[in-house]
Amino acid sequence: MFELLKYYLSFSFVQYALIVGVLVSLCSGLLGVILVLKRFAYIGDGLSHVAFGVMSVAMCLNMVDNMLLTIPVTIIVAILLIKDGSNRKLTGDTALAMLSVGSMAFGYLIINVFATSSNIAGDVCSALFGATSILTLSSQDVKISVAMSLIVICIFIIYYNKIFTVTFDETFAKATGIKTDKYNLLIAVITAIVIVIAMNLVGALLVSALIIFPAVSAMTLFHQFNYVVILSGCLSIFNSAAGIIISILFSTPVGATIVMTSVATFFILKILSLLIKR
Amino acid sequence: MEQIICKNLEIGYDRKVIMGPLNIIINEGDYWCITGANGAGKTTFIKTLLNLTPIIGGAINLQNELKQIDIGYLPQQKPYQKNFPASVEEIVRSGFLNKINIRFYYNHHEKELAKTTITKLGIAGLEKRAYGSLSGGQQQRVLLARALCASSKVIILDEPIAGLDPVATQEMYSVIRKLNQEENITIIMISHDILHATADAKQMLHFDGNGKYTITHK
Ligand SMILES: Nc1ncnc2c1ncn2[C@@H]1O[C@H](COP(=O)(O)OP(=O)(O)OP(=O)(O)O)[C@@H](O)[C@H]1O
Ligand SMILES: [Mg+2]
Chain A
64 MFELLKYYLS FSFVQYALIV GVLVSLCSGL LGVILVLKRF AYIGDGLSHV
114 AFGVMSVAMC LNMVDNMLLT IPVTIIVAIL LIKDGSNRKL TGDTALAMLS
164 VGSMAFGYLI INVFATSSNI AGDVCSALFG ATSILTLSSQ DVKISVAMSL
214 IVICIFIIYY NKIFTVTFDE TFAKATGIKT DKYNLLIAVI TAIVIVIAMN
264 LVGALLVSAL IIFPAVSAMT LFHQFNYVVI LSGCLSIFNS AAGIIISILF
314 STPVGATIVM TSVATFFILK ILSLLIKR
Chain B
7 MEQIICKNLE IGYDRKVIMG PLNIIINEGD YWCITGANGA GKTTFIKTLL
57 NLTPIIGGAI NLQNELKQID IGYLPQQKPY QKNFPASVEE IVRSGFLNKI
107 NIRFYYNHHE KELAKTTITK LGIAGLEKRA YGSLSGGQQQ RVLLARALCA
157 SSKVIILDEP IAGLDPVATQ EMYSVIRKLN QEENITIIMI SHDILHATAD
207 AKQMLHFDGN GKYTITHK
């Protein structure tokens with residue numbers, strides 16, 4: 064089996080997939096902690112559906128690089144959603160659900176009407192579930208993904224303490240003169256970027272798994288913020304790398320394999336934490 | 007020494023006045039206790055002092071070089087914080103956030119100061135403990151320690167004893183009293199516990215609920 068793995072690893076597209084997979088999952092692992100704690104996880108889910116709609120438009124336009132369209136549009140939607148999130152009324156959740164279902168339907172519809180591809184069902188399936196897209200990344204995609212991931216990671220390291228305070232207690236942060244709006248904006252932008260690049264990895268429907276599972280798994284084991292963040296990042300990297308390798312060896316779909324690995328690590332950690340508590 | 011002067015201050019939401027005009031002078035070393043029925047506008051008043059809610063009319067003047075960031079705050083606790091994965095140390099240190107500006111991490115001095123504050127409030131030994139695993143009284147003292155790290159001049163507390171048992175309540179009061187008497191920190195506290203809270207307070211501000219208020223100096 065190792066021979067086989069070594070053989071596959073010599074292909075550049077497999078190397079690309081691993082590099083992008085590790086970087087993107089590190090981002091989603093870090094970001095996931097904030098989104099889960101801020102109760103914004105459902106915004107991530109909604110955003111991925113919006114991103115699917117935008118991606119469909121890009122596909123119809125035959126854009127070579129659909130990220131150039133999806134990233135900016137998703138950022139704008141994210142900003143609108145998270146800005147609204149702080150003084151959200153009861154209708155907020157419903158509005159988000161309407162927006163996300165609407166974009167899915169819109170995306171599927173226009174692909175069917177306008178797309179010139181011969182394999183529409185295949186395109187849609189890979190946009191939704193990731194299918195094989197991570198293995199077919201262009202070097203342009205890889206460059207964008209790597210650059211964006213590095214930016215996100217740097218922002219996270221630089222603003223770590225501010226992000227902690229804004230997440231734990233926004234009122235206090237604001238009262239002591241922290242510009243909380245600025246940091247919420249930053250979180251919105253990062254969320255959008257991470258979701259769009261993570262979509263290449265696991266597809267629109269499975270993106271929220273990448274954000275939620277590592278964070279929640281880490282929280283079952285640790286109760287200190289810095290440990291939770293670090294473990295969440297590591298778990299996320301492990302899940303993606305393991306998922307990609309398993310999917311290559313057993314020719315399973317990449318996205319679903321990564322998510323199932325995440326589910327497995329979640330249960331392992333959950334059992335571990337129960338054993339420790341006893 | 008005058009610190010905060012409210013001049014014909016009107017407070018409320020969405021341009022609707024719920025209280026005022028208020029004329030109040032807060033001096034250094036004061037201990038104000040704000041009382042009143044639910045919904046009378048107590049929280050709104052301190053949020054206005056903290057610049058979290060816009061002023062509707064009148065003005066708040068900070069005197070003698072008191073700056074907005076010199077006012078520390080202990081907010082009403084929020085339910086989701088109970089299970090937040092954070093250690094005591096992490097939370098207390100976050101009080102320094104407004105002082106670090108372009109530096110991104112806390113320096114040695116701030117870490118030491120956080121430690122001293124933790125000891126001062128009688129929660130030493132809990133530094134590494136998870137916030138969620140503490141008792142209500144301990145949690146409040148953690149938040150008070152954080153407020154002290156943010157400011158050593160004025161501390162505003164919104165119902166610091168809500169949900170505490172009688173023993174923890176008395177301990178909380180004695181911690182606040184000590185800060186006021188020994189360190190001359192100005193205290194502005196909202197409380198529903200008229201009997202005990204007023205024993206320590208030197209100034210009483212009562213909101214009547216119809217936009218009127220009464221001030222009593224002891
Ligand atoms: N964000 C808000 N927007 C609009 N109105 C609000 C808002 N927050 C509070 N109010 C209203 O302002 C009034 C005063 O509320 P406030 O929270 O100041 O009362 P309080 O005296 O602190 O009460 P409690 O003892 O319950 O804490 C209430 O009638 C409330 O409905
Ligand atoms: Mg209140």
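Chains as they are written, first to last, in the numbering used here: chain A, 64 to 341; chain B, 7 to 224. Quick reminder that beta carbons are idealized off the backbone N, C-alpha and C, glycines included.
Is it the case that the CB of residue i approaches a heavy atom of ligand 2 more closely than 8 Å?
i, result
"K48/B", "yes"
"I196/B", "yes"
"Q287/A", "no"
"Q82/B", "yes"
Return the CA-CA distance between residue i and residue j, expressed in angstroms with no decimal places.
i, j, result
"L284/A", "V322/A", "20 Å"
"L68/A", "I82/A", "16 Å"
"I182/B", "K134/B", "24 Å"
"M334/A", "L269/A", "Reading off the sequence shown, one finds Ile at residue 334/A, where the question assumed Met. The straight-line gap from Cα to Cα measures roughly 24 Å."
"Q175/B", "G143/B", "Here residue 175/B is Thr; the residue named in the question, Gln, does not match the sequence. Spanning the two alpha carbons is a distance of roughly 7 Å."
"H115/B", "R147/B", "21 Å"
"T137/A", "N247/A", "15 Å"
"A305/A", "P60/B", "52 Å"
"F231/A", "K101/A", "8 Å"
"S180/A", "I174/A", "9 Å"
"I311/A", "Q203/A", "22 Å"
"L273/A", "S325/A", "8 Å"
"K5/B", "I62/B", "Coverage of chain B is limited to positions 7 through 224, which leaves residue 5/B absent and any answer about it impossible."
"N104/B", "S299/A", "32 Å"
"I97/B", "Y86/B", "15 Å"
"D214/B", "T54/B", "18 Å"
"E118/B", "I196/B", "30 Å"
"M130/A", "A319/A", "22 Å"
"A57/A", "F301/A", "Because chain A here runs from 64 to 341, residue 57/A falls outside it and cannot be looked at."
"Q145/B", "M178/B", "11 Å"
"L153/A", "Q83/B", "Here the model assigns L153/A a pLDDT of 49, short of 50, so the residue's position is not dependable and the matter cannot be decided."
"P91/B", "L93/A", "14 Å"
"F169/A", "S163/A", "10 Å"
"A114/A", "F110/B", "33 Å"
Measuring alpha carbon to alpha carbon, tell me which of the options ends up nearest residue i.
i, options, result
"I256/A", "S91/A, V85/A, E66/A, K69/A", "S91/A"
"V229/A", "I24/B, K73/B, G101/B, Q9/B", "G101/B"
"P135/A", "V117/A, L162/A, I216/A", "V117/A"
"S119/A", "G296/A, Y223/A, D186/A, I226/A", "D186/A"
"L249/A", "Y70/A, Q78/A, K146/A", "K146/A"
"S141/B", "K184/B, V94/B, I24/B, E189/B", "V94/B"
"S23/A", "D156/A, L93/A, V265/A, V85/A", "With chain A running from 64 to 341 in the structure shown, residue 23/A is simply not present."
"T243/A", "I221/A, L172/A, F329/A, K225/A", "K225/A"
"C39/B", "I10/B, D206/B, F110/B", "D206/B"
"S303/A", "V85/A, Y71/A, N263/A", "V85/A"
"I221/B", "N190/B, D20/B, G131/B, I32/B", "I32/B"
"I97/A", "S73/A, A327/A, I309/A, P277/A", "P277/A"
"Y171/A", "T157/A, S189/A, M126/A, L213/A", "S189/A"
"G296/A", "I309/A, I308/A, V279/A, I307/A", "V279/A"
"L191/A", "I275/A, I221/A, L338/A, S166/A", "S166/A"
"K48/B", "Y111/B, H202/B, I24/B", "I24/B"
"I77/A", "F115/A, I308/A, I216/A", "Sequence check: residue 77/A is Val here, not Ile. Nearest of F115/A, I308/A, I216/A to V77/A, Cα basis: I308/A."
For residue i, verify whether its CB is less than 8 Å away from any heavy atom of ligand 1.
i, result
"E8/B", "no"
"E165/B", "yes"
"F51/B", "yes"
"D20/B", "yes"
"I162/B", "no"
"G42/B", "yes"
"I62/B", "no"
"G170/A", "no"
"F231/A", "no"
"G169/B", "no"
"F213/B", "yes"
"I24/B", "yes"
"G45/B", "yes"
Q) What residues in the segment 237-249 of chain A have a beta carbon less than 7 Å from any beta carbon of chain B? A) K237, A238, T239, G240, I241
Q.
By the 9 Å beta-carbon criterion, what residues does the segment 128-154 of chain B contribute toward chain A?
A. K134, R135, A136, Y137, G138, S139, L149, R152, A153
Q.
When you compare the segment 196-213 of chain A with the segment 103-119 of chain A, are there three or more beta-carbon pairs, one atom per stretch, that lie closer than 8 Å?
A. no
Q. Going along the chain, which residues of the segment 82-93 of chain B sit with their C-beta nearer than 8 Å to a C-beta in chain A?
A. K84, Y86, Q87, F90, P91, A92, S93
Q.
If contact is defined by three or more beta carbon pairs under 8 Å, each pair taking one atom from either stretch, is the segment 73-81 of chain B in contact with the segment 228-247 of chain A?
A. yes
Q.
Which residues of the segment 62-84 of chain B have a Cβ closer than 9 Å to any Cβ of chain A? Give them in chain order.
A. K73, Q74, I75, I77, G78, Y79, L80, P81, Q82, K84
Q: Could you say if the segment 118-135 of chain B and the segment 154-167 of chain B meet the contact criterion of at least three C-beta pairs nearer than 8 Å?
A: yes
Q) Taking any Cβ of chain B, which residues in the segment 108-124 of chain A have a Cβ under 7 Å from it, in chain order? A) none
Q.
By the 8 Å beta-carbon criterion, what residues does the segment 92-108 of chain A contribute toward chain B?
A. L100, R102
**Q.** Contacting positions in the segment 301-328 of chain A - beta carbon closer than 9 Å to chain B
**A.** none
Q.
Against chain B, which members of the segment 211-225 of chain A pass a CB distance test of less than 9 Å?
A. I220, I221, Y222, Y223, N224, K225
Q. Of all the residues that make up the segment 152-183 of chain B, which are near chain A by a beta-carbon distance shorter than 9 Å?
A. R152, A153, A156, S157, I162
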